[in-house]
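Structure record follows, encoded as structure tokens.
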Amino acid sequence: MVTDSKRFTDEMMQLVAKKHSKDHPLFSMIARGELSDDALKGFVKQFYLLFPKPFPKPIAAMFSRCPDDPALERMWTENLMEEAAGEESGTASHKELYLRFAASMGIPREEMDATLPLPETNALLNWRELLINQRSWLELYACQGMALEGTASERMKQVVSGLVNHYGYNSDDESLLYWTLHISVDEDHMKVGPYAVEKYAVNDDAQERVRLSLQTTLDTFWLVYDGITRAFIDRDPLYAEWRESVTSKA
25 MVTDSKRFTD
35 EMMQLVAKKH
45 SKDHPLFSMI
55 ARGELSDDAL
65 KGFVKQFYLL
75 FPKPFPKPIA
85 AMFSRCPDDP
95 ALERMWTENL
105 MEEAAGEESG
115 TASHKELYLR
125 FAASMGIPRE
135 EMDATLPLPE
145 TNALLNWREL
155 LINQRSWLEL
165 YACQGMALEG
175 TASERMKQVV
185 SGLVNHYGYN
195 SDDESLLYWT
205 LHISVDEDHM
215 KVGPYAVEKY
225 AVNDDAQERV
235 RLSLQTTLDT
245 FWLVYDGITR
255 AFIDRDPLYA
265 EWRESVTSKA
């Protein structure tokens, strides 16, 4: 039996809360300053592959699937222009902001662009590609707006806390703009998920598809941080190839 769409949206937000990426142990370790410089660089380089490097193209692809809904069109337009040019925040493209942060850590753009994705990182990239191209637009918008961008703000707060308290940054450093900006900007960008689900997930089939895709996104996103932990913190021998690219040279 179909659930009232408002109640279903609340249930999906509760689903996200049960496996919110902010609760992954990796982020509390960053907040406490427990990562070595090399481990932090490993995190920074893998995270680059998830969002800053490919964006804004995935956002444009998501926008291209938008139904004839002025509110959704406006949300995606604002999101796309902010990612591409920093139009809303008056800054720069988010990719450029991230590369400036990486440079402040001593990682040049060429090294960032040559980053080899961990298998777990690839899993999320492949799943997002599948969502964009093979799943319903409603599943795509729910996953992006609730599980990916929708969880960004709380993750960013922990990263900023760790960088400021333990890794030599000041809270007003321009090099931290990528992280500090997303604390506020993504709170607006996340609205696309709940809005779309409440308005359009109005039958059993749509609700079941959203539920399954959202859980898969949460699970796969969590695996990304499991992989980073195994590779750069636990130093699992199977991940030696990826560590070689971030090891500080004597």
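Residue numbering for the sequence shown follows this note's numbering, beginning at 25 and increasing consecutively.
Quick reminder that beta carbons are idealized off the backbone N, C-alpha and C, glycines included.
If you drop the 5 nearest sequence neighbours on each side, which residues of the same chain put their C-beta closer than 7 Å to that of residue i?
{"i": "P91", "result": "W161"}
{"i": "A116", "result": "G110"}
{"i": "N194", "result": "V188"}
{"i": "E97", "result": "C90"}
Assuming contact is defined by CB atoms lying nearer than 8 Å, are residue i and residue j in contact in what I supplied?
{"i": "K65", "j": "V248", "result": "no"}
{"i": "G340", "j": "V216", "result": "As displayed, the chain neither begins before 25 nor continues past 274, which places residue 340 out of reach and without an answer."}
{"i": "Q1", "j": "K46", "result": "Nothing can be reported for residue 1, as the shown portion of the chain is limited to 25 through 274."}
{"i": "L275", "j": "P80", "result": "Outside the shown range of the chain, which is 25 to 274, sits residue 275, and nothing can be said about it."}
{"i": "S88", "j": "E222", "result": "no"}
{"i": "L238", "j": "L39", "result": "yes"}
{"i": "T145", "j": "L74", "result": "yes"}
{"i": "H118", "j": "P76", "result": "yes"}
{"i": "C167", "j": "L148", "result": "no"}
{"i": "P275", "j": "R179", "result": "No statement about residue 275 is possible, as the shown extent of the chain runs from 25 to 274 and does not include it."}
Can you tell me whether DSSP reads residue i as helix, strand or coil?
{"i": "A264", "result": "helix"}
{"i": "G114", "result": "coil"}
{"i": "A126", "result": "helix"}
{"i": "L140", "result": "coil"}
{"i": "F256", "result": "helix"}
{"i": "M25", "result": "coil"}
{"i": "L200", "result": "helix"}
{"i": "V226", "result": "coil"}
{"i": "P49", "result": "helix"}
{"i": "Y165", "result": "helix"}
{"i": "K42", "result": "helix"}
{"i": "I83", "result": "helix"}
{"i": "N194", "result": "coil"}
{"i": "A220", "result": "helix"}
{"i": "M36", "result": "helix"}
Quick one: what's got a C-beta closer than 8 Å to residue i's C-beta in the same chain, skipping five residues either side?
{"i": "N260", "result": "One detail in the question is off: residue 260 reads as Asp in this sequence, not Asn. Excluding sequence neighbours, D260 sits near R254."}
{"i": "K273", "result": "Residue placement at K273 cannot be trusted, given a pLDDT of 45 that sits under 50; the coordinates are not used to answer."}
{"i": "D243", "result": "K43"}
Can you list, in chain order, the residues of its chain with a C-beta nearer than 6 Å to that of residue i? Leave out the 5 residues immediately preceding and following it.
{"i": "H190", "result": "G57"}
{"i": "P218", "result": "T33"}
{"i": "L172", "result": "none"}
Item to check | the region 197 to 205 touching the region 119 to 134, judged by at least three CB pairs closer than 8 Å | outcome: Two segments are said to touch when three or more pairs of C-beta atoms, one from each, lie closer than 8 Å; by this definition the region 197 to 205 touches the region 119 to 134.
Checklist entry - Are the region 230 to 244 and the region 117 to 125 touching by the rule of at least three beta carbon pairs closer than 8 Å? => result no
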